[in-house]
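Only one structure is covered here, and it is reproduced in the block below.
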Amino acid sequence: MKTLPFILLVVAPLTTTFAQQPQSPDEIYGQLFRDVQLKKVFPDEKSFVDCVPKRDAAEIMADYSKLSKDAKFDLNAFVANNFTAPANVEDIVTHIRRLWCELRRDPAPPVEGSSLLPLPNPYIVPGGRFREVYYWDSYFTMLGLKESGEVDLIEDIVKNFASLINRYGFIPNGNRTYYLSRSQPPYFSMMVEVLAGLKGDSIYVDNLSALEKSELKTYRGELRKRNFMHAKRISSSETTHFVQAAIGQQR
């Protein structure tokens, strides 16, 4: 008798059932779904599948079958009248442009005892715990600013680095006193090139002095005693080209 429960368990038919799988939007809305997606009613394909119907789906489809045959049928209006769209998600371009405002820092007066090296113009910081501008990072930041049409801010960044060169003879790793013992690969000439591409060759002349003081002298070895980072020597040929171009303009 002790084995009876086990025998009953083995021979008893399996009665477990699962809930019926709900239909997905493409199954529910059929031709409407295909038309909405193919005609780009929404900027991305996920928006419509996340919409919430305002009334019974069968009623929506019945109306769609009738109304869509009319030559003046407005698909966008039909969707708006029958579905509640998900909250708008910011597109990447708008998101990046908004971030420029959040990462922008305006010039601040020097404070005794602070490690921050003041800059004369606005600049962009990486964010988070990085509250200062960084040298070669700023070149790639400028490429993004260029795409966003932030020409004035690009010029501000170039002027800020020229200011650091005029004060210290080079561009430190970042605008902090504890970065004054080191720098990064020479990107200032490439920054000048970006700005010159936007505002003309006179930019080379405006920055000739800074190019001569920093890029050529530093990376030809006259300031190696400052323990600059030399993980890989960067050729100064591009810098020389820019300076020569500026000299030509000046003449």
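Count the sequence shown with the numbering used here and you get residues 36 to 286, in order.
Even glycine gets a Cβ: it sits at the ideal position worked out from N, Cα and C.
{"query": "Ala266 in three-state terms, based on DSSP", "result": "Any reading at Ala266 needs caution, since the residue's pLDDT is 31, under 50, leaving its predicted position unreliable; the model's value is listed next. Note: Ala266 maps to coil in three-state DSSP."}
{"query": "Touch test, the region 83 to 99 against the region 125 to 135, Cβ-Cβ under 8 Å, three pairs minimum", "result": "no"}
{"query": "Bridge partners - Ile159, DSSP secondary structure assignment", "result": "Arg139"}
{"query": "Beta-carbon proximity list for Arg139, same chain, < 7 Å, skipping 5 on both sides", "result": "Pro157 and Ile159"}
{"query": "Start-to-end residues for the alpha helix (DSSP H) that takes in Ser173", "result": "Tyr170 to Glu182"}
{"query": "Alpha-carbon to alpha-carbon, Asp79 and Leu180", "result": "26 Å"}
{"query": "Check whether Pro142 and Leu154 have beta carbons under 8 Å apart", "result": "yes"}
{"query": "Which residues DSSP lists as bridging Val87, in chain order", "result": "Thr119"}
{"query": "One or two residues paired with Leu67 in a DSSP bridge", "result": "Bridge partners of Leu67: none, in fact."}
{"query": "Arg166 - partner residues in DSSP beta bridges", "result": "DSSP output for Arg166 lists no bridge partner at all."}
{"query": "Cβ-based burial, Ile127 [other Cβ within 10 Å; buried from 16]", "result": "exposed"}
{"query": "Cβ-Cβ separation, Leu199 to Ile206 (assumed contact under 8 Å), whole Å", "result": "5 Å"}
{"query": "Local conformation of Lys243 per DSSP, three classes", "result": "Residue identity check: residue 243 is Leu in the sequence provided, not Lys. In the structure shown, Leu243 sits in a helix (DSSP, three-state: H, G or I)."}
{"query": "Residue of Leu102, Ser224, Met226 and Gly209 minimising C-alpha distance to Ser218", "result": "Gly209"}
{"query": "Cβ-based neighbour list, Val114, same chain, cut-off 7 Å, excluding 5 preceding and 5 following", "result": "Val71 and Val76"}
{"query": "Leu73 in three-state terms, based on DSSP", "result": "helix"}
{"query": "Alpha-carbon to alpha-carbon, Ala106 and Pro121", "result": "29 Å"}
{"query": "Classification of Leu338 by the beta-carbon crowding that lies within 10 angstroms, buried from 16 upward", "result": "Missing from the structure shown is residue 338; the chain here goes from 36 to 286 and no further."}
{"query": "Burial state of Val146, where buried means 16 or more other Cβ atoms lie within 10 Å", "result": "exposed"}
{"query": "Contacts around Gly162, its chain only, beta-carbon distance under 7 Å, and the 5 residues preceding and following it disregarded", "result": "Leu138"}
{"query": "Residues that Arg217 bridges to, as DSSP identifies them", "result": "Arg217 pairs with nothing; no bridge assigned."}
{"query": "Environment of Thr119 [buried if 16+ CB atoms lie within 10 Å]", "result": "exposed"}
{"query": "Same chain, Cβ closer than 6 Å to Phe68, neighbours up to 5 away in sequence not counted", "result": "Pro60 and Asp61"}
{"query": "Own chain partners of Tyr203 with C-beta closer than 8 Å, once the 5 adjacent residues on each side are dropped", "result": "Leu215"}
{"query": "Other residues of its chain near Lys89: CB distance less than 7 Å, five sequence neighbours each side excluded", "result": "Asn117, Phe118 and Thr119"}
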